[in-house]
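Here the structure comes first, spelled out in structure tokens, and everything after it is commentary.
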Amino acid sequence: MSKKKLSSLEDLGGFVFSTNTNFEFESEEQEDTLAPEKQFLEAHFSNKGRGGKTVTVITGFVGLEEDLKSLGKLLKTKCGVGGSIKDNEIIIQGNYRDKIMEILKKEGYNIKRVGG
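Letter by letter, the sequence shown follows residues 266 to 381 of my numbering.
Laid out in structure tokens, this is it:
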């Protein structure tokens, strides 16, 4: 197996190493959670990549991960099913798109149905 020759800084993964002892890495600052009436969420129905199992995916949430998790927990509890939060998306097991849209509208969110 031959090793790839590193020819630029991008080959190192975008990190630049410094000998400055006071250097602080600039981390991505999380944005504050928008109020529900300023959120524009999308409700998707999917079964791709999940072994044929159907799920409802909620995307478009802007805010802190803790708030996204609490919203996901609320939806899972109200629907009585399992789910998870990955890649800034709420994934609810089963086709509960209409029920989830009603719940989110009652909570004050703007939600749009996407796809069939």
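Note that beta-carbon positions come from the ideal geometry of N, C-alpha and C, so glycine has one too. If you're wondering where the values come from, they're calculated on a predicted model, not measured in any experiment.
Excluding its 5 nearest sequence neighbours in each direction, Leu-369 has C-beta neighbours in its own chain below 6 Å: Ile-376, listed in chain order. In the same chain as Arg-378, and ignoring 5 residues on each side of it, the C-beta atoms closer than 6 Å to its own belong to Ala-308, in chain order. In the three-state DSSP reduction, Lys-313 falls in the coil class, being neither helix nor strand. For Gly-348, the beta-bridge partners assigned by DSSP are Ile-357. If the five residues before and after Asp-332 are omitted, its C-beta is found closer than 7 Å to the C-beta atoms of Thr-298, all from its own chain and listed in chain order.
Residue range 362-371 is occupied by the alpha helix (DSSP H) that includes Lys-370.
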